[in-house]
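Undergrad:
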């Protein structure tokens with residue numbers, strides 16, 4: 001039905017346009033056949049064209065079409081006509097209802113196409129310089145149009161003449177009929193003879209010139225083979241990574257080039273090549289995206305990589321849009337300032353115009369390609385950091401572009417930070433976050449559980465901030481895992497609320513808002529740390545624990561230690577392998593109960609244990625006995641094994657010092673002026689006794705000297721070292737904001753004790769001297785004990801005759817003989833004791849002098865106080881000076897005589 | 001088709017013809033009406049333009065042949 005109507009109309013059309021045939025057929029009958037055939041053929045041909053898929057390459061937009069026509073008219077300098085046309089079109093468009101034209105766009109398009117065709121014919125006929133005039137009005141032009149098709153452009157559309165030769169490249173050959181082939185100039189001039197009847201040109205000479213020009217244009221076009229429009233279109237395609245008809249990707253040259261078979265000027269070739277750089281870059285970027293998103297496993301690029309690809313894709317979307325616009329522009333005619341139109345259907349886009357259009361996308365694409373190259377091997381934070389480095393660019397275009405990109409790329413990182421800071425979760429499947437979690441036991445969680453991975457730290461997050469971020473999440477995890485506390489959630493929520501309120505509704509984290517991130521982190525960190533510190537102080541009684549350690553391990557609780565020493569002393573003199581930890585624990589228990597320690601918190605006392613250190617043969621109980629404090633779980637973060645080991649060392653040192661002091665005071669108990677000594681010295685005239693007095697005296701002096709040393713050392717350790725460090729520690733505990741600071745304060749406390757108590761690395765020699773001094777003192781104690789044992793025995797014997805007369809019958813016979821033997825015996829004994837005592841004294845004084853001489857070599861300023869105390873009257877210094885001239889032995893010997 | 005419709009169709013054709021002559025399409029009223037009819041039947045305007053062009057060329061060719069014969 002429809003087809004019939006169309007066929008009918010087409011028949012009418014053919015009849016209308018080929019009316020001259022009637023005349024022809026009337027004139028000669030022989031041509032009748034010809035006419036029929038021609039008419040029929042024309043009809044067939046028309047139907048074929050209509051049935052073919054020739055389609056307008058523009059979207060159907062009536063208004064745009066009308067605009068194009070108007071613009072054309074204006075360009076031709078016919079603005080009044082343009083106005084008339086606009087008016088007509090308005091009226092034409094306002095018609096509606098039955099009978100009106102529905103497909104107005106098609107009509108307009110048709111009109112334009114036909115008139116354009118008409119004009120082109122006119123231009124070609126009359127030469128390039130002839131302006132288009134309105135003389136060719138409809139009917140006049142109808143019959144007399146010359147048939148010069150652009151066969152090179154539309155070879156397929158040629159009328160299939162029975163006698164026409166195969167299509168040749170020259171458009172001249174379309175002038176063929178009945179095998180007559182006139183010479184070029186002839187045919188051209190004869191054509192002009194028919195031209196519309198109006199413009200029959202009188203001057204042949206002019207005509208020849210214009211024909212020559214036209215031929216030149218045609219020849220040059222043939223030479224080029226491709227029109228610029230075709231190249232422009234190909235370039236636009238190439239810019240989208242598609243091979244065009246002439247412009248193809250060349251693997252060898254690694255770029256888009258004009259096909260080497262196509263003849264184009266070298267300049268054009270270079271220009272095309274340059275323009276197609278965009279296409280080359282585009283291919284790179286697109287390949288990267290497709291490789292990372294489709295082919296590679298997700299682990300290889302991670303979420304940041306994905307975000308990067310997505311951002312690139314979005315940029316490519318913009319680019320596509322621009323390309324689409326350019327593609328439609330290809331079809332628009334080029335406006336000229338002179339008011340003319342480009343001949344030969346010159347389009348709005350030329351290669352040069354395209355290069356202007358593509359300048360900005362080129363910059364952007366270049367940047368993207370550089371980023372793609374840079375980031376190929378990078379992941380996560382490192383990738384963000386690399387892009388950030390590119391952002392340090394002076395060009396505002398580049399900066400804004402990269403900023404936009406970064407905002408997308410960093411989104412996953414910021415999300416990770418947010419979750420870490422507010423929820424303590426490491427939301428990092430692909431290892432991109434700069435905080436790395438390690439599976440560790442609860443007690444090591446704080447110290448080793450989470451680490452900062454500097455390679456993944458983007459450069460726009462400063463190091464201190466990253467540390468803060470790390471600590472905040474760590475605090476949350478510590479609270480959750482070690483303290484089993486849920487209060488941090490409230491703290492985090494409060495932090496978020498505060499930041500929201502201060503950020504005026506912004507709240508979102510994103511690249512370039514480092515302040516927002518910082519304020520969030522600071523706020524969250526502050527609240528969570530405060531919460532954590534409160535938990536540590538209040539629930540786990542950190543302060544009390546520290547105090548307990550100081551009291552028991554650092555011997556702060558004097559009465560307790562005294563009792564313990566008294567109770568445990570005898571047992572510790574036994575060989576180490578005979579001791580039982582259980583028994584010692586019982587002793588510890590009774591020492592606690594006997595002292596003020598019993599009023600301490602039972603929880604704390606429970607943690608106090610006896611510990612036997614591993615021992616070897618010959619070790620005494622003193623060498624292996626130590627106290628231990630069990631800090632229990634969350635606090636083991638502060639009191640790690642290493643810390644406890646150091647406490648143990650300090651304890652051992654103090655315990656030793658205490659023992660020496662204890663021994664000296666025990667000696668004093670026997671040596672203090674008593675009736676025994678008084679009685680012994682009262683007996684005069686006896687050589688043995690006077691000798692005994694001399695030895696006793698020497699013993700007293702030595703003890704005094706030792707006591708002076710030990711007391712001062714102890715004073716120094718207790719007051720200058722322990723209490724001073726403790727006071728500092730308490731102060732720092734007050735101001736500590738987070739667990740790290742607390743740990744650092746405790747470390748400092750412990751460190752200063754170790755350092756000042758001569759247990760540090762640098763004072764090893766000094767410590768050794770000290771320990772040998774201690775040993776010497778203990779040896780002295782043994783000597784003194786033996787001496788006084790002997791003296792007591794002697795006294796007892798001398799007293800016997802007077803005090804124990806009841807036993808006279810037993811002793812009386814040997815009294816005189818015994819007395820003499822006793823005196824000789826004790827004389828020998830006293831001699832040996834005296835010699836040993838001298839030996840101890842000499843060794844002691846040399847060691848002590850060495851010790852005092854070494855003291856100033858220590859860097860620690862507090863040790864100066866110790867040396868000052870020990871050598872208050874500069875006695876030792878002077879002795880040291882004189883020692884170089886007088887031998888020590890000589891100095892000491894006068895007593896012996 | 002009612003009278004108003006015919007009237008409107010005629011006016012549309014008038015307007016179209018006026019436009020056609022302004023832009024020198026060289027189409028007369030009747031041809032134009034046929035073409036509009038074809039367009040209304042959904043024929044592709046690009047193809048139609050090609051047909052017009054080809055037919056004109058054909059006509060010119062025939063004319064020139066007859067002329068050269070003369």
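Chains as they are written, first to last, in full-length UniProt numbering: chain A, 1 to 897; chain B, 1 to 70.
Heads up, the beta-carbon is just placed ideally off N, CA and C, and yes, glycines get one too.
Small disclaimer: the values here were computed from a predicted structure and weren't measured.
What is the residue span of the beta strand (DSSP E) that residue 437(A) lies within?
TA: 435 to 437
Undergrad: One question on the structure: do residue 750(A) and residue 654(A) come within less than 8 Å of each other, judged by their Cβ atoms?
TA: Cβ atoms of residue 750(A) and residue 654(A): not closer than 8 Å.
Undergrad: What does residue 376(A) pair with, by DSSP beta-bridge criteria?
TA: None; residue 376(A) has no bridge partner.
Undergrad: What three-state label does DSSP hand residue 595(A) in the structure shown?
TA: coil
Undergrad: Residue range of the beta strand (DSSP E) that residue 451(A) falls in?
TA: Per DSSP, the unbroken beta strand (DSSP E) holding residue 451(A) starts and ends at 450 to 452.
Undergrad: Just the Cα atoms here: how many angstroms apart are residue 166(A) and residue 404(A)?
TA: In this prediction, residue 166(A) scores a pLDDT of 41, lower than 50, which makes its location untrustworthy; no coordinate-derived value is stated.
Undergrad: Below 8 Å, can you find three or more Cβ-Cβ pairs linking the stretch 411 to 421 of chain A to the stretch 302 to 311 of chain A?
TA: yes
Undergrad: Please identify the residue among 737(A), 627(A), 717(A), 850(A) whose C-alpha is closest to the C-alpha of residue 768(A).
TA: 850(A)
Undergrad: Of all the options 634(A), 778(A), 368(A), 248(A), which has the alpha carbon lying nearest to the alpha carbon of residue 662(A)?
TA: 778(A)
Undergrad: Mind pulling the beta strand (DSSP E) runs of 3 or more residues that sit fully within the stretch 553 to 641 of chain A?
TA: 608 to 612, 625 to 629
Undergrad: So what's residue 247(A) in DSSP terms, helix, strand or just coil?
TA: strand
Undergrad: Check whether the Cβ atoms of residue 432(A) and residue 468(A) sit closer than 8 Å, and answer yes or no.
TA: Not closer than 8 Å, so no.
Undergrad: Any Cβ of chain B within less than 8 Å of the Cβ of residue 290(A)?
TA: No, because no Cβ of chain B sits closer than 8 Å to the Cβ of residue 290(A).
Undergrad: Just checking my contact of residue 271(A) with residue 355(A) at CB under 8 Å: how many whole Å lie between their CB atoms?
TA: Indeed, because the Cβ distance is near 7 Å, the residues count as touching under 8 Å.
Undergrad: Between the C-alpha atoms of residue 17(A) and residue 20(B), what's the straight-line distance to the nearest angstrom?
TA: 16 Å
Undergrad: Can you list, in chain order, the residues of its chain whose CB lies under 6 Å from that of residue 640(A), leaving out five sequence neighbours each side?
TA: none
Undergrad: Do residue 36(B) and residue 107(A) count as a contact pair if the criterion is CB distance below 8 Å?
TA: With respect to residue 36(B), residue 107(A) sits close: the two C-beta atoms are nearer than 8 Å.
Undergrad: What number of angstroms, rounded off, separates the C-alpha of residue 41(B) from the C-alpha of residue 349(A)?
TA: 34 Å
Undergrad: By the 8 Å beta-carbon criterion, what residues does the stretch 81 to 95 of chain A contribute toward chain E?
TA: No chain E is part of this structure, whose protein chains are labelled A and B.
Undergrad: Between the C-alpha atoms of residue 645(A) and residue 524(A), what's the straight-line distance to the nearest angstrom?
TA: 35 Å
Undergrad: Using a Cβ-Cβ distance cut-off of 8 Å, determine whether residue 330(A) contacts chain B.
TA: no
Undergrad: Please report the residue range of the beta strand (DSSP E) in which residue 716(A) lies.
TA: It is not in any beta strand (DSSP E) - residue 716(A) carries neither H nor E in the DSSP assignment.
Undergrad: Tell me residue 317(A)'s beta-bridge partners as DSSP assigns them.
TA: According to DSSP, which records beta bridges pairwise, residue 317(A) is partnered with nothing at all.
Undergrad: Looking at the strands, I want to know which residues DSSP matches up with residue 256(A).
TA: 249(A)
Undergrad: Leaving out five residues before and five after residue 515(A) in sequence, what residues of the same chain have Cβ atoms less than 8 Å from its Cβ?
TA: none
Undergrad: When we look at the beta-carbon of residue 477(A) and count the other beta-carbons within 10 Å, is it buried (16 or more) or exposed?
TA: Buried is the call here.
Undergrad: So residue 44(A) contacts chain B; which residues on that side make the cut at Cβ distance below 8 Å?
TA: Within chain B, no residue comes near residue 44(A); the closest Cβ sits about 11 Å away, beyond 8 Å.
Undergrad: Terminal residues of the continuous alpha helix (DSSP H) containing residue 735(A)?
TA: 724 to 735
Undergrad: Say whether the stretch 471 to 490 of chain A touches the stretch 528 to 535 of chain A, bearing in mind that this needs 3 or more beta-carbon pairs closer than 8 Å, one atom from each stretch.
TA: yes
Undergrad: Contact check, residue 368(A) vs residue 315(A) under 8 Å by CB: the rounded distance?
TA: 6 Å
Undergrad: Could you name the residues of the same chain whose beta carbon sits closer than 7 Å to that of residue 74(A), not counting the 5 residues immediately before and after it, in chain order?
TA: 82
Undergrad: Rounding to the nearest angstrom, what Cα-Cα distance links residue 856(A) and residue 444(A) in this structure?
TA: 40 Å
Undergrad: Does residue 71(A) come within less than 8 Å of chain B when only Cβ atoms are used?
TA: Chain B places no beta carbon closer than 8 Å to that of residue 71(A), leaving this residue out of the contacts.
Undergrad: Would you say residue 12(A) faces chain B, with C-beta separation under 8 Å as the test?
TA: yes
Undergrad: Between which two residues does the alpha helix (DSSP H) containing residue 529(A) stretch?
TA: 514 to 534
Undergrad: Consult DSSP for residue 757(A) and reduce its assignment to one of helix, strand or coil.
TA: In the three-state reduction of the DSSP assignment, residue 757(A) falls in the coil class, being assigned neither a helical nor a strand state.
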